[in-house]
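Quick notes on the structure that follows.
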Amino acid sequence: MTSLIDVIFLLLLFFMLTSTFSKYGEVELMAAGQATAGEAPQRLFVQLGAESVSLNGQPADLQSLAGLLRSQPDDGRGHVVLISPDESATSQHLVDLLAELRQVEGLQWVVLG
627 MTSLIDVIFL LLLFFMLTST FSKYGEVELM AAGQATAGEA PQRLFVQLGA ESVSLNGQPA
687 DLQSLAGLLR SQPDDGRGHV VLISPDESAT SQHLVDLLAE LRQVEGLQWV VLG
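Residues are numbered in this note's numbering as their position in the sequence shown, beginning at 1, plus a constant of 626.
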């Protein structure tokens, strides 16, 4: 009969050999800025659905969204895009949207909910 400590060591060895070690993805966070209270950036609202994207309530195409964001009037304060994905949007839709937003220089974005 095998002693209990042998069984424990075998289980420990089994779990150590079968576990996977993966590096967690890193997320870049925005640092606190030096802006004063009067310099709030202009907010743009993007609603993301499974088959649709809208910018400030107006329907838009995902491929032309970067151009639409570049054409927004800028008063030197910059833009913050608030992204609101609905329940039908998949994570791939969100990744595609973020890839489009990265094409615009100086744009910050926040994913809501």
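C-beta atoms are modelled at their ideal positions from N, C-alpha and C, and glycine is treated no differently.
All of these numbers come straight from a predicted model, not from anything done at the bench.
Assuming residue i contacts residue j (C-beta within less than 8 Å), just tell me the rounded distance between them.
{"i": "Leu738", "j": "Leu708", "result": "6 Å"}
{"i": "Ser710", "j": "Leu674", "result": "7 Å"}
{"i": "Val679", "j": "Leu723", "result": "7 Å"}
Find out if the Cβ-Cβ distance for the pair residue i, residue j is shorter than 7 Å.
{"i": "Ser714", "j": "Ala676", "result": "yes"}
Might you give, ordered along the chain, the residues of its own chain that have their beta carbon closer than 8 Å to the beta carbon of residue i, omitting 5 neighbours on each side?
{"i": "Leu695", "result": "Leu670, Leu681, His705, Val707, Leu727, Val730 and Leu733"}
Residue i: which of the options sits nearest, CA to CA?
{"i": "Leu720", "options": "Gly683, Val672 and Arg703", "result": "Val672"}
{"i": "Val736", "options": "Leu688, Leu655, Ala686 and Leu691", "result": "Leu655"}
{"i": "Leu703", "options": "Ala666, Pro685, Phe641 and Gln684", "result": "The residue you asked about is not Leu; residue 703 is Arg in the sequence shown. Minimum Cα distance to Arg703 is reached at Ala666."}
{"i": "Asp700", "options": "Gln668, Ala686, Gln684 and Ile631", "result": "Gln668"}
Leaving aside the five residues before and after residue i along the sequence, list all residues of the same chain whose C-beta is less than 7 Å from its C-beta, in chain order.
{"i": "Leu688", "result": "Val679, Asp722, Leu723 and Glu726"}
Using a 10 Å radius around the Cβ and a threshold of 16 neighbouring Cβ atoms, would you call residue i buried or exposed?
{"i": "Leu691", "result": "buried"}
In chain order, what residues of the same chain have a beta carbon less than 6 Å from the beta carbon of residue i, not counting five sequence neighbours either side?
{"i": "Asp712", "result": "Gly675"}
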